[in-house]
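Protein chains: 2
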Amino acid sequence: MDKVLDSAADAVGDIPDGAVLAVGGFGLCGIPSTLIGALAATDTTGLRVVSNNCGVDDWGLGLLLRAGRIARMTSSYVGENKEFARQYLSGELEVELTPQGTLAERLRAGGAGIPAFFTPAGVGTQVEEGGLPWRYAADGSVAVASPPKEVREFGGRRHLLEEAITADFALVRAEVADRHGNCVFHAAARNFNPLCATAGRITVVEADRIVEPGELAPDAVHLPGVYVDRVVAADPQDRRIERRTVRAAAPEDAAGSTARNALAARAARELRDGQYVNLGIGLPTLIPDHLPAGVHVVLHSENGILGVGPFPVEGDEHPDLINAGKETVTLTAGASTFDSTSSFGMVRAGRIDVSVLGAMQVSATGDLANWMIPGKTVKGMGGAMDLVHGARRLIVVMEHTARDGSPKIVERLSLPATGRGVVDRIVTELAVIDVAPEGLRLVETAPGVTVDEVRAATGAALLPPLSARAAPPVRHTH
Amino acid sequence: MDKVLDSAADAVGDIPDGAVLAVGGFGLCGIPSTLIGALAATDTTGLRVVSNNCGVDDWGLGLLLRAGRIARMTSSYVGENKEFARQYLSGELEVELTPQGTLAERLRAGGAGIPAFFTPAGVGTQVEEGGLPWRYAADGSVAVASPPKEVREFGGRRHLLEEAITADFALVRAEVADRHGNCVFHAAARNFNPLCATAGRITVVEADRIVEPGELAPDAVHLPGVYVDRVVAADPQDRRIERRTVRAAAPEDAAGSTARNALAARAARELRDGQYVNLGIGLPTLIPDHLPAGVHVVLHSENGILGVGPFPVEGDEHPDLINAGKETVTLTAGASTFDSTSSFGMVRAGRIDVSVLGAMQVSATGDLANWMIPGKTVKGMGGAMDLVHGARRLIVVMEHTARDGSPKIVERLSLPATGRGVVDRIVTELAVIDVAPEGLRLVETAPGVTVDEVRAATGAALLPPLSARAAPPVRHTH
Numbered sequence: 360m361d362k363v364l365d366s367a368a369d370a371v372g373d374i375p376d377g378a379v380l381a382v383g384g385f386g387l388c389g390i391p392s393t394l395i396g397a398l399a400a401t402d403t404t405g406l407r408v409v410s411n412n413c414g415v416d417d418w419g420l421g422l423l424l425r426a427g428r429i430a431r432m433t434s435s436y437v438g439e440n441k442e443f444a445r446q447y448l449s450g451e452l453e454v455e456l457t458p459q460g461t462l463a464e465r466l467r468a469g470g471a472g473i474p475a476f477f478t479p480a481g482v483g484t485q486v487e488e489g490g491l492p493w494r495y496a497a498d499g500s501v502a503v504a505s506p507p508k509e510v511r512e513f514g515g516r517r518h519l520l521e522e523a524i525t526a527d528f529a530l531v532r533a534e535v536a537d538r539h540g541n542c543v544f545h546a547a548a549r550n551f552n553p554l555c556a557t558a559g560r561i562t563v564v565e566a567d568r569i570v571e572p573g574e575l576a577p578d579a580v581h582l583p584g585v586y587v588d589r590v591v592a593a594d595p596q597d598r599r600i601e602r603r604t605v606r607a608a609a610p611e612d613a614a615g616s617t618a619r620n621a622l623a624a625r626a627a628r629e630l631r632d633g634q635y636v637n638l639g640i641g642l643p644t645l646i647p648d649h650l651p652a653g654v655h656v657v658l659h660s661e662n663g664i665l666g667v668g669p670f671p672v673e674g675d676e677h678p679d680l681i682n683a684g685k686e687t688v689t690l691t692a693g694a695s696t697f698d699s700t701s702s703f704g705m706v707r708a709g710r711i712d713v714s715v716l717g718a719m720q721v722s723a724t725g726d727l728a729n730w731m732i733p734g735k736t737v738k739g740m741g742g743a744m745d746l747v748h749g750a751r752r753l754i755v756v757m758e759h760t761a762r763d764g765s766p767k768i769v770e771r772l773s774l775p776a777t778g779r780g781v782v783d784r785i786v787t788e789l790a791v792i793d794v795a796p797e798g799l800r801l802v803e804t805a806p807g808v809t810v811d812e813v814r815a816a817t818g819a820a821l822l823p824p825l826s827a828r829a830a831p832p833v834r835h836t837h
Numbered sequence: 360m361d362k363v364l365d366s367a368a369d370a371v372g373d374i375p376d377g378a379v380l381a382v383g384g385f386g387l388c389g390i391p392s393t394l395i396g397a398l399a400a401t402d403t404t405g406l407r408v409v410s411n412n413c414g415v416d417d418w419g420l421g422l423l424l425r426a427g428r429i430a431r432m433t434s435s436y437v438g439e440n441k442e443f444a445r446q447y448l449s450g451e452l453e454v455e456l457t458p459q460g461t462l463a464e465r466l467r468a469g470g471a472g473i474p475a476f477f478t479p480a481g482v483g484t485q486v487e488e489g490g491l492p493w494r495y496a497a498d499g500s501v502a503v504a505s506p507p508k509e510v511r512e513f514g515g516r517r518h519l520l521e522e523a524i525t526a527d528f529a530l531v532r533a534e535v536a537d538r539h540g541n542c543v544f545h546a547a548a549r550n551f552n553p554l555c556a557t558a559g560r561i562t563v564v565e566a567d568r569i570v571e572p573g574e575l576a577p578d579a580v581h582l583p584g585v586y587v588d589r590v591v592a593a594d595p596q597d598r599r600i601e602r603r604t605v606r607a608a609a610p611e612d613a614a615g616s617t618a619r620n621a622l623a624a625r626a627a628r629e630l631r632d633g634q635y636v637n638l639g640i641g642l643p644t645l646i647p648d649h650l651p652a653g654v655h656v657v658l659h660s661e662n663g664i665l666g667v668g669p670f671p672v673e674g675d676e677h678p679d680l681i682n683a684g685k686e687t688v689t690l691t692a693g694a695s696t697f698d699s700t701s702s703f704g705m706v707r708a709g710r711i712d713v714s715v716l717g718a719m720q721v722s723a724t725g726d727l728a729n730w731m732i733p734g735k736t737v738k739g740m741g742g743a744m745d746l747v748h749g750a751r752r753l754i755v756v757m758e759h760t761a762r763d764g765s766p767k768i769v770e771r772l773s774l775p776a777t778g779r780g781v782v783d784r785i786v787t788e789l790a791v792i793d794v795a796p797e798g799l800r801l802v803e804t805a806p807g808v809t810v811d812e813v814r815a816a817t818g819a820a821l822l823p824p825l826s827a828r829a830a831p832p833v834r835h836t837h
């Protein structure tokens, strides 16, 4: 029953070429870097890796990627990993992009003997319709595209059938493991780790600390030892922070231009006291600094936190405490941490009151595009396809027009959709616009901006403001 | 954000007639008795309750049942609750019996925005085929029967489509809650509680202790406050133990006859060192006392424990520490506790090496019947329909014949199946018999028992023992 091995090399030495690996971590947080390093030191190749991200150029899965040892990735996010994007767009690497909540749920299903399930994420997008590029040809055309998914209505809403993921090996990082394999994770480093662990036929854990059976309180175990086959010591120093972000010493040091802060301030007025709120990457993260007096919200970060606090003061950054934008954060009193499937469970089930996202385009019927420009930008959908169907109210905060001046509010999307009919309200530097059943309705113009200026910058028809300002519409269910 | 109410009466006062309630607990362990008591003091009626059990005659949901306030139950187990059985069989109460792991997963799905999923539990049974009595007529005929379920193959195995459960209100018991609704559960009292909490549109928690935000460590929170709407103080004294079971002071005091212990001893020889083992209610629970020297196994109890230890010594019984047979137990060093959906996840995913169950009938092809005698006994399937498909090896331990001498090993089941083609080996007081691809094969006879005696007591053809004893067959996957 003692599952502890002497070395990481022993623990990964029997991983064969072409193996399917489920690898924990979100960004660089909670990745099994010791095991990845040991695997990099072998000559195993042709790996088919399931992991939310793929490390960075010189660390984590990026080491294997750079060495050409990965044949296929199943991920939600390419993001800023240039080599990942390059190999994908050049056709060297096959990539199955999967909504983040769906990825978490597919791993969880694989680890729970559930072969398939239905989810709303991806409805009305290429995830449903098929045609997502899995592999590009050398000439930039799509060599292998995703197949369409089965659609079924439940409760009058369309859902997609998604199949479970299992792996030959799971590589996981824990804070503490006992010799029976029971594991405890720390803060946001839990993320995909327990899910990957359950989905692995052989599950290997690296732990910062290894203790004797009985030292972990039974109620505190996040991953029961029954899922774990091998335990090795992790190098506790072997950790990195992707985006070290600290609190401004004085308000005037706060990041962002006056215009961005004005936009964030207007968006902040959309929030109500006591709401649970998910803020997207970028401008939405400025919103908490502008909440009106008396308005306190609980911030959800989809990598596994409720109760995200301000950026840490210099010196207090911790690699296990990051938000979904990979910035270092703190926790508020009353915070909780959880794995990625729990995190998206609360999203899908409508427990998050408001989601504030950026956008590339919004259509007159509330369709949202914010995840890819075909053949050019592949950030990946991350959690956006889950959030747009789950959050009870979806607010888009964005520049009114693109850098070239072309409208981002359009009759019909020209970019691939993140979701259809999902946006409730658009807040820009020029105006606030509601997606109403009868069409886009102007709610207000920014100080000094005329209605004509808003219309000129908008690529879709705008209805005039209602004379008596109606209360903001609240979605009952998405 | 302060979710604490002054009284349980306030917390349940707006539950209307006919409401759907999801109520936590397993047996009497972790039931929200304070909230149930407050609800019993109202005149709300026609309730549609989702809960694994229905309390006992004078406590828990039994209070509402006895008063005729429950119109419908969704449960896995009627068990020894005589009034539950009486109301069901007399047609006063509609009952949807659901495999325990499926019930947990349906609640978890409801709380995670997953409208439906596929599971192997119930394949080849009335759960699949339909015709399970939901409501009896006064004359004992079936007035309302369950509909058939959709079947689909994944990986060459048949699975059933099961739909999510949500509830108007969830009633839940926690050990500790903070004012934001974050909850921690204790030991086996976790069970269905977090699942019910997530599935409730309005979720009410009673907690033994209520603390300030920040007092609970973020990583220790089992149920994030986002799922919780109301918190009230539970009466910590308001707890009961259904089956107080203590360790025998001396071996000779051990329960059970010589014959039963001999059978348990033979069954114990089926287990190998280091296995994870689930033991069914009754005779299988005697097996740990008979493990050969050097054989240590980790016992799984489907109500949420890995590492079940011996019965407690007198005075050490705790209402939160029971096994699936509702007997008081202890935990071993290296034990872990978890909720019911995690518990059945590890079962379904094949992480439990051996399940040892009792049986009413076993067929020549390994079909098992152990959960109901139509119109007579409705114990409910509990977790058996999940276990028979999940555990890697299924051993039936039973008396060779029924009390009237009729064979229990038969060509074809006459009783409703728990699962088809699932039994690997049968151990009785007369013989050990394998379910082999070519038919039932005699492995050994008990000391002093002849092959002819075994054949005479067996209602199906028996192949002779293989001359060179083969290693016991191990299922690769179920």
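The listed protein sequences correspond, in order, to chains A and B.
Quick note on numbering: the numbering used here labels position 235 of the first sequence as 594, and the sequence is numbered without any gaps.
Quick note on numbering: the numbering used here labels position 22 of the second sequence as 381, and the sequence is numbered without any gaps.
We put the CB at the ideal spot given by N, CA and C, even for glycine.
- When C-beta distances to chain B are compared with 8 Å, the residues of the stretch 694 to 717 of chain A below that value are 694, 695, 696, 697, 700, 701, 703, 704, 705, 706, 707, 708, 709, 710 and 711, in chain order.
- For residue 542(B), the closest C-alpha among the options 556(A), 547(A) and 579(A) is that of 579(A).
- Residue 552(B) sits in a helix when the DSSP states are folded into three classes.
- Contact between residue 665(B) and residue 638(B) is ruled out by a C-beta separation of about 13 Å, above the 8 Å threshold.
- Residues of the stretch 539 to 573 of chain B whose Cβ lies closer than 8 Å to any Cβ of chain A, in chain order: 539, 541, 543, 544, 545, 546, 549, 557, 571, 572 and 573.
- Each of 469(B), 477(B), 588(B) and 719(B) was checked against the Cα of residue 361(B), and the nearest Cα belongs to 588(B).
- Each of 576(A), 649(A), 773(A) and 739(A) was checked against the Cα of residue 720(A), and the nearest Cα belongs to 773(A).
- The stretch 451 to 532 of chain B is shown to contain whole alpha helix (DSSP H) runs of 4 or more residues at 459 to 469 and 485 to 488, in chain order.
- Under the three-state reduction of DSSP output, residue 393(B) falls in the helix class.
- Within chain A, the residues 665, 695, 697, 701 and 705 have their CB atoms less than 8 Å from the CB of residue 583(B), given in chain order.
- Taking 4 residues as the minimum length, the alpha helix (DSSP H) runs contained wholly in the stretch 729 to 804 of chain B are 743 to 749, in order along the chain.
- Only 513 and 514 from the stretch 495 to 515 of chain B bring a Cβ to less than 7 Å from some Cβ of chain A.
- Nearest in C-alpha terms to residue 752(A), of all of 779(A), 499(A) and 636(A), is 636(A).
- Per the DSSP secondary-structure output, residue 388(B) pairs in a beta bridge with 385(B).
- In terms of Cβ geometry, residue 529(A) and residue 562(A) form a close pair [threshold 9 Å].
- Exclusion of the five residues before and after residue 726(A) leaves 772, 776 and 779 as the residues of its chain whose Cβ lies within less than 6 Å of its Cβ.
- Cβ-Cβ distances below 6 Å link residue 405(A) to 376, 377 and 430 in the same chain, with the five nearest sequence neighbours on each side left out; the list follows chain order.
- In the DSSP assignment, residue 596(A) falls outside any beta strand (DSSP E) and carries neither an H nor an E.
- Interface residue (Cβ-Cβ distance to chain A less than 9 Å): residue 687(B) is not classified as such.
- For residue 617(B), the enclosing alpha helix (DSSP H) has its first and last residue at 617 to 627.
- Nearest Cα to residue 569(B) within the set 536(B), 547(B) and 583(B): 536(B).
- Distance between residue 484(A) and residue 737(A), taken at the CA atoms: about 15 Å.
- DSSP, reduced to helix, strand and coil, places residue 641(B) outside both helices and strands of the structure shown, so it counts as coil.
- Residue state for residue 702(B) is assigned as helix, using DSSP reduced to three classes.
- Interface criterion met: the Cβ of residue 467(B) is under 9 Å from a Cβ in chain A.
- Counting only residues of its own chain and dropping the five nearest sequence neighbours on each side, residue 470(B) has a CB closer than 6 Å to the CB of 557 and 558.
- Closest by C-alpha distance to residue 668(A), out of 822(A), 509(A) and 695(A), is 695(A).
- In terms of Cα proximity to residue 552(A), the closest of 650(A), 525(A) and 381(A) is 381(A).
- Annotation: the continuous alpha helix (DSSP H) that includes residue 446(A) extends over 441 to 448.
- Note that the C-beta distance between residue 703(B) and residue 446(B) is not below 9 Å.
- When DSSP reads this structure, residue 410(A) sits in no beta bridge, so it has no partner.
- Here the alpha carbons of residue 754(A) and residue 454(A) stand approximately 30 Å from one another.
- With contacts defined by Cβ atoms closer than 9 Å, residue 622(B) and residue 787(B) form a contacting pair.
- Assignment of residue 672(A) by DSSP, reduced to helix, strand and coil, places it in the coil class.
- Residue 800(A) has its alpha-carbon roughly 12 Å from the corresponding atom of residue 810(A).
- By the Cβ neighbour-count rule, residue 672(B) is exposed, with fewer than 16 other Cβ atoms within 10 Å of its own.
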